[in-house]
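Enquirer: 0 is the number of the first residue of the sequence shown in numbering that gives the first Met the number 0; add one for each residue after it. This structure is in structure tokens; I'll ask about it shortly.
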Amino acid sequence: MANRATEEIISEVKDLFRNYLKEKKHRITPERFMVLEEIYRSDGHFDADEIYFKMKDNKSRVSRATVYNTLDLLVDCGLVQRQQFGKNQSVYERAYSFQQHDHIICQHCEAVVEFCDPRIHEIQQMMEKLHGFKINDHSLHFYGDCKNPDTCERKKEMKIKKMTKLTMN
Ligand SMILES: [Zn+2]
Ligand SMILES: [Zn+2]
């Protein structure tokens with residue numbers, strides 16, 4: 000959830016990633032660590048191209064293909080979480096040492112709110128007992144309208160269209 004990664008966390012995730020790459024016999028390249036750092040130094044959710052263009056803006060020479068395949072590796076080793084909000088392409092967020100959270104997604108402007116409620120953990124424990132499962136992970140997205148006309152651009156556009164229609168008639 001929204002708060003910056005400390006240097007300590009960044010060095011921990013780098014160690015974890017290095018061990019993972021070694022274990023899986025993937026190449027250990029500085030570019031892969033740049034992608035990891037970019038994600039851990041940013042807040043929130045981004046798609047792969049947003050990460051790529053952000054790095055490019057910062058004069059990084061990391062290729063688009065490297066960003067994409069590094070993201071796959073980071074998801075595979077559990078350091079980054081892949082989320083699907085609505086019909087859009089996948090977005091990514093940090094997963095290590097950040098509070099487990101769920102999402103509320105606006106279907107008009109794609110605003111995303113993160114929330115954390117301990118009752119979800121209680122449901123998980125109850126379901127484990129009830130169904131004899133060991134639950135490792137979960138994903139919960141609520142979809143709806145954000146009801147904020149100022150931040151909800153799509154709605155604002157619709158309102159303006161409606162108003163111009165009315166004045167034209
Ligand atoms: Zn999130
Ligand atoms: Zn909205």
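Even glycine gets a Cβ: it sits at the ideal position worked out from N, Cα and C. All of these numbers come straight from a predicted model, not from anything done at the bench.
1. Looking at residue 42 and ligand 2, is the gap between the Cβ and the nearest heavy atom below 8 Å?
2. Roughly how many angstroms separate the alpha carbons of residue 138 and residue 103, rounded to a whole number?
3. Run through DSSP, which three-state label would residue 109 get?
4. Tell me the residue span of the alpha helix (DSSP H) that contains residue 120.
5. Using a 10 Å radius around the Cβ and a threshold of 16 neighbouring Cβ atoms, would you call residue 126 buried or exposed?
6. Using the beta carbon as the reference atom, which residues fall closer than 5 Å to any heavy atom of ligand 2, ordered along the chain?
7. Once DSSP output is grouped into helix, strand and coil, what is the label at residue 40?
8. Ordered along the chain, which non-local residues of its own chain (more than five positions away) have a Cβ less than 6 Å from that of residue 31?
9. I'd like the ranges of any beta strand (DSSP E) spanning at least 3 consecutive residues and lying wholly in the region 74 to 111.
10. May I ask which residues mark the beginning and end of the alpha helix (DSSP H) holding residue 16?
11. Can you tell which of 121, 101, 120, 123 has the C-alpha that lies nearest to the C-alpha of residue 114?
Expert: The structure says:
1. No.
2. Looking at the two C-alpha atoms, the distance is approximately 12 Å.
3. In the three-state reduction of the DSSP assignment, residue 109 falls in the coil class.
4. Per DSSP, residue 120 belongs to the alpha helix (DSSP H) from 117 to 130.
5. So residue 126 counts as exposed.
6. Result (chain order): 105, 107, 108, 110, 145, 151.
7. DSSP, reduced to helix, strand and coil, places residue 40 outside both helices and strands of the structure shown, so it counts as coil.
8. Taken in chain order, the residues that qualify are 69.
9. Restricting attention to beta strand (DSSP E) runs no shorter than 3 residues, the region 74 to 111 encloses them at 79 to 82, 90 to 93, 101 to 105, ordered along the chain.
10. For residue 16, the enclosing alpha helix (DSSP H) begins and ends at 6 to 22.
11. Residue 101 holds the alpha-carbon nearest to the alpha-carbon of residue 114 among 121, 101, 120, 123.
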